[in-house]
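These notes are about the structure you will find just below.
Written as structure tokens, this is what we have:
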């Protein structure tokens with residue numbers, strides 16, 4: 006892939022009253038940032054992990070077709 010050489014622009018942001026640099030050449034590469042994927046591990050002390058619902062306080066209200074408060078569904 007060939008890269009175009011372009012000059013950055015200096016623009017004034019009237020809302021924040023400051024100068025900002027616009028790198029026009031970066032707009033063509035939105036996928037150039039790599040996202041590291043994390044493998045989520047179940048933690049016995051994490052109330053948000055599946056199976057640890059008992060570590061959270063009871064529900065105040067639950068609107069489900071099947072099941073009641075503090076039940077899956």
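Residue numbers (my numbering): 6 to 78.
The beta-carbon is built from N, C-alpha and C at its ideal position, and this holds for glycine as well.
These numbers come from a predicted model, not from an experiment.
Contacting residues, own chain, Cβ-Cβ under 7 Å from residue i (five flanking each side not counted)
| i | result |
| --- | --- |
| residue 27 | 13, 14 and 16 |
| residue 51 | 57 |
Beta-carbon proximity list for residue i, same chain, < 6 Å, skipping 5 on both sides
| i | result |
| --- | --- |
| residue 60 | 52 |
| residue 29 | 11 |
| residue 54 | 47 and 48 |
Endpoints, the beta strand (DSSP E) within which residue i is located
| i | result |
| --- | --- |
| residue 26 | 23 to 27 |
| residue 18 | 14 to 18 |
Close-in-space but distant-in-sequence residues of the same chain around residue i (CB under 8 Å, 5 per side omitted)
| i | result |
| --- | --- |
| residue 18 | 24 and 25 |
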